[in-house]
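Set out below in structure tokens:
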């Protein structure tokens, strides 16, 4: 048996405690948690004691120098992703970083320059694509078993009260990179894109209807794909009955999932068309039941690490959803369809999710509800 992968965790907040550390513990023997780091040393010490992690640090540089971890998990707020990710890559460690990957496409591409062929690589937390039902659906789409993808719905309807935005870094373009589109719906959007492939054009609206935030609290989009499929995408933090749902209509089937923060096979429904072969349709569903989770993605990441191969949700595969969010925001700001091909380095939305004028975008989002359009 190979030696365990030596792992360090950066960030001692709720996401480390509730998601990353339980995922690591479930793989006892395959991984060894060697250290934890946080700018709040007292918080790092408390969490390290709680999880029996032998050493805690206040600085990433000291941790890397003294521990030489194989894998670094970054579970910090969005504006604190870049520094520990690039430091870890430069030190030769692989990285698994929380969403959103970066605050802009420019930042994402700059981070990617620190990777090397064969590793280290940085992968991003998009756990919903790793459940067994999603993986089975991806196989069926690739094989053409369900026919052509035609129509899709992608909804993230969540609820966050006013107090949620009192955390200083939330709801700001410079520290969170956006609102529910960037920080919440990005999970369902990534799952949709991982199944339907590359998008070509997005037409969107966004608004700040009720929350005290500089970013949007709701967005809607219509998306065209290279395959010809068309999807609608809704992101909201104003929805008291919370749900996350996706629906895919193919030539021979409708496949749906509804959950909140994670699913298993029971959350999925597979409906063959009247013309589908019922015997063949009975074989569509997955034979194993792996829930979408940090654990499921970590298992795949460790397999890629051992093989020295770029993992899923990394490189161009991890960038696609960030590119989509940038296109959605540009469409909402400029009031027109935006093609994917427009999002090159000359585009202001390449450098910032709010384009060249975050203040102007914020003012646009907060227009009175009765206004139907904006003069540019």
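Residue numbers (full-length UniProt numbering): 1 to 376.
Glycine residues also receive a C-beta, built at the ideal position from the N, C-alpha and C atoms.
Counting along the chain, no beta strand (DSSP E) covers residue 251, and no H or E run does either. Between residue 180 and residue 139, the C-beta gap is not smaller than 8 Å, which leaves the two residues out of contact. Around the Cβ of residue 260, a 10 Å sphere holds fewer than 16 other Cβ atoms; the residue is exposed. The bridge partners DSSP lists for residue 230 are 151 and 224. Under a 10 Å Cβ-count criterion, residue 159 is classified as exposed, with fewer than 16 other Cβ atoms of the shown protein chains found around its own Cβ. Nearest neighbour of residue 119 by Cα position, chosen from 345, 348, 94 and 17, turns out to be 94. Here residue 305 carries a helix assignment [DSSP, helix/strand/coil]. Boundaries cannot be given for residue 340, as no beta strand (DSSP E) includes it and DSSP labels it neither H nor E. Just so you know, the alpha carbons of residue 339 and residue 230 end up roughly 14 Å apart. Counting other Cβ atoms within 10 Å of its Cβ, residue 164 stays below 16 and is therefore classed as exposed. Rounded to whole angstroms, the Cβ separation of residue 332 and residue 206 is 4 Å, and the two are in contact under 8 Å. The beta-bridge partner set that DSSP reports for residue 73 consists of 9 and 96. In this structure, residue 291 places its C-beta atom within 8 Å of the C-beta atom of residue 263. Taking every protein chain shown into account, the CB of residue 18 has fewer than 16 other CB atoms within 10 angstroms, so this residue is exposed. Per DSSP, the continuous beta strand (DSSP E) segment holding residue 123 begins and ends at 122-124. Taking C-alpha positions only, residue 27 is separated from residue 80 by approximately 27 Å. With respect to residue 286, residue 132 sits close: the two C-beta atoms are nearer than 8 Å.
Here the region 31-48 makes contact with the region 7-22; the two share three or more CB pairs at distances below 8 Å. Residue 143 sits exposed, since fewer than 16 C-beta atoms from the chains shown fall within 10 Å of its C-beta. Residue 60 is bridged by DSSP to nothing; it lacks a bridge partner.
Going by DSSP, residue 36 is part of the beta strand (DSSP E) stretching over 31-37. In the same chain as residue 212, and ignoring 5 residues on each side of it, the C-beta atoms closer than 7 Å to its own belong to 162 and 165, in chain order. Under the three-state reduction of DSSP, residue 145 is assigned to coil, being neither helix nor strand. By the neighbour-count criterion, in which 16 or more other beta carbons inside 10 Å mark a residue as buried, residue 188 falls on the buried side. One alpha carbon belongs to residue 155, the other to residue 222, and they sit about 12 Å apart.
Note that the C-beta distance between residue 196 and residue 244 is not below 8 Å.
For the 8 Å CB-CB criterion, residue 324 and residue 202 form a contact.
According to the DSSP assignment, residue 290 belongs to no beta strand (DSSP E), since it is labelled neither H nor E. Note on geometry: alpha-carbon atoms of residue 8 and residue 90 lie some 15 Å from one another.
DSSP places residue 271 inside the beta strand (DSSP E), whose first and last residues are 268-272. In the structure shown, the three-state DSSP call for residue 235 is strand.
In this structure, residue 343 keeps its C-beta atom at 8 Å or more from the C-beta atom of residue 252. DSSP places residue 241 in the strand class (E or B) of the three-state scheme. In summary, residue 24 is buried, with 16 or more beta-carbon neighbours lying within 10 Å of its beta-carbon over all protein chains present. Note that the region 311-321 does not touch the region 57-73; fewer than 3 beta-carbon pairs, one per stretch, sit closer than 8 Å. Taking C-beta atoms under 8 Å as the contact rule, residue 320 and residue 198 qualify, at a distance of about 7 Å.
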